[in-house]
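**Q** Got a structure here, written out as structure tokens. Questions coming.
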Amino acid sequence: MLQMYSNWSGSVLSQGKENDKLETMRGDIALGMIAFLFVQSVTGCPEKCQCMETEKVVRCTGTGLSQVPRGIALNTEALYLQNNQIHTISNADFTGMLQLQTLDLSNNIISNLSSDTFDGLHNLLILNLANNSITNVDNKMLHSTGNLHQLDLSFNHLTSLPEGLFNNLQNLTSLAMHQNQLQHISRSLVDSLPSLQAILFRKNQWKCDCHLTGLKLWLESFLYTGGKIDEILCTEPEDLRSKDLMRIPHELFQVCSSIKDKSSHVDSDQRSPTIQTLQHKLEPEHSPDCTPKAKQRSGSLRHAIATIVVTGVICGIVCLMMLVAAVYGCSYAFIMAKYQRELKKLDHLGPDVEQENAEEKEPLDSSLV
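Numbering (my numbering) for the sequence shown: 152 to 520.
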């Protein structure tokens, strides 16, 4: 009996030791897998991509990707994803990439960008989103990219930019917005970019009315301080089409009409209909798009033509008077010179003439005697 108990206890102890060894092995395997996954997350390379670990560069260009690949090393500093079929991106695609400095997503089919798309990318310096299908961006999309130096949103379908989009981009030096469908840009947007050195706005649907005067004034100041811009050609109104915004005189832009508050409407409702009708006739009408009126344009043109004609006539009269004065002066000088020559000639011939006169007088005197 005692022998059987000792055998049973020995087997239990040995089984416990085996279980401990098995648990230890399982723990080691789990730790090994975690370590492997960690190493893969830091130094791994996704399929269809080329990774240069020493340069910390990952290239996944032109491989037909429909989304940002998983398994990109977290210490990547440059990520190139251009020339693919990526249609959506989210914050989860770049989580943990705290060292990312260059992100190229150009030549894809991205349509929208949310407010948290680039969250956590505090070291991002270059962001290229050119040649996509972006129609809308959130005003907080770039609030985490305060160190951004270059932003390219060209060749998209943007019709407007939200207020506050560039509020945190104090270090931005280059902004490309060409080849979109922008009609207006608020001056406050570009005014929030103190380090900007170059801006590209060409080939948009610029509507050169009162809403664009703020941008025009800002661009004039920007050029004066050494900034570089390209041509901003108007598409509307018709008489300014293909004209460079920077060459259009300020006088051609109307002042935007302010929106009346409710109290003004209440006051106007209390007035008599006769006064309201009279005031409506006297006040200038402002269309919603504040496009210059045709009559005002023709009046300005007639005034300009009349000014040119009057100026030309006056200049012609002055030139004719100067010509007459010049001819008179030359004639007078010629006559005086001729007179002086004749006078000198007479002075030279004076003694001979007197002698001849004396000889002619002698016979006459003798005949009289």
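We put the CB at the ideal spot given by N, CA and C, even for glycine. If you're wondering where the values come from, they're calculated on a predicted model, not measured in any experiment.
Is residue 525 helix, strand or coil by DSSP?
**A** Only positions 152 to 520 of the chain appear in this structure, which leaves residue 525 out of reach.
**Q** What is the DSSP secondary structure of residue 255, counted as helix, strand or coil?
**A** strand
**Q** Using the Cα positions of residue 221 and residue 243, report the straight-line distance between them to the nearest angstrom.
**A** Put simply, the backbone Cα of residue 221 is about 10 Å away from that of residue 243.
**Q** Would you grab the beta carbon distance between residue 320 and residue 293 for me? Rounded to a whole angstrom, and I think it's under 8 Å.
**A** A Cβ-Cβ distance of about 6 Å is found for the pair residue 320 and residue 293, placing them in contact under the 8 Å criterion.
**Q** Once you ignore the five residues that flank residue 197 on each side, which residues in its own chain have a CB closer than 8 Å to its CB?
**A** 209, 211, 220, 221, 222 and 223
**Q** Rounded to whole angstroms, what's the CA-CA distance from residue 275 to residue 268? Just pull it up for me.
**A** In this structure, the straight-line span from the alpha carbon of residue 275 to that of residue 268 is close to 13 Å.
**Q** DSSP three-state call for residue 286: helix, strand or coil?
**A** Residue 286: coil per DSSP, three-state reduction.
**Q** Across the stretch 327-343 and the stretch 356-375, are there enough close Cβ pairs to call them in contact, namely three or more that are closer than 8 Å?
**A** yes
**Q** Identify the continuous alpha helix (DSSP H) that holds residue 541 and give its terminal residues.
**A** This structure gives no information on residue 541, because the portion of the chain shown stretches from 152 to 520.
**Q** Which partner residues does residue 237 have in the DSSP bridge list?
**A** For residue 237, which the question treats as bridged, DSSP gives no partner whatsoever.
**Q** Under 6 Å Cβ to Cβ from residue 486, same chain only, skipping five residues before and after it: list those, please.
**A** none
**Q** In terms of residues, what are the limits of the alpha helix (DSSP H) holding residue 206?
**A** No alpha helix (DSSP H) contains residue 206, which DSSP labels as neither H nor E.
**Q** Tell me whether the beta-carbon of residue 304 lies closer than 9 Å to the beta-carbon of residue 323.
**A** Contact: no.
**Q** Can you tell me the Cβ-Cβ gap for residue 260 and residue 284, rounded? I've got them flagged as a contact below 8 Å.
**A** 5 Å
**Q** Evaluate residue 359 with the Cβ neighbour count: other Cβ atoms within 10 Å of its Cβ, from every protein chain shown; 16 or more gives buried, anything less gives exposed.
**A** buried
**Q** Grouping DSSP H, G and I as helix and E and B as strand, with all else coil, what is residue 229?
**A** Residue state, collapsed to three classes: strand.
**Q** Within the same chain, show all residues whose beta-carbon is closer than 6 Å to that of residue 264, passing over the 5 residues directly before and after it, in chain order.
**A** 288 and 292
**Q** How far does the alpha helix (DSSP H) with residue 366 in it reach, from first residue to last?
**A** 364-375
**Q** Taking residue 238 as the reference, give the member of 252, 218 and 246 with the closest Cα.
**A** 218
**Q** Can you say whether residue 255 is buried or exposed, counting buried as having 16 or more other CB atoms within 10 angstroms of its CB?
**A** buried
**Q** Below 9 Å between beta carbons: does that hold for residue 329 and residue 306?
**A** yes
**Q** Have a look at the DSSP bridge pairing and note the partners of residue 263.
**A** 287
**Q** Does DSSP classify residue 462 as helix, strand or coil?
**A** helix
**Q** In whole angstroms, what is the alpha-carbon distance linking residue 385 and residue 393?
**A** 5 Å
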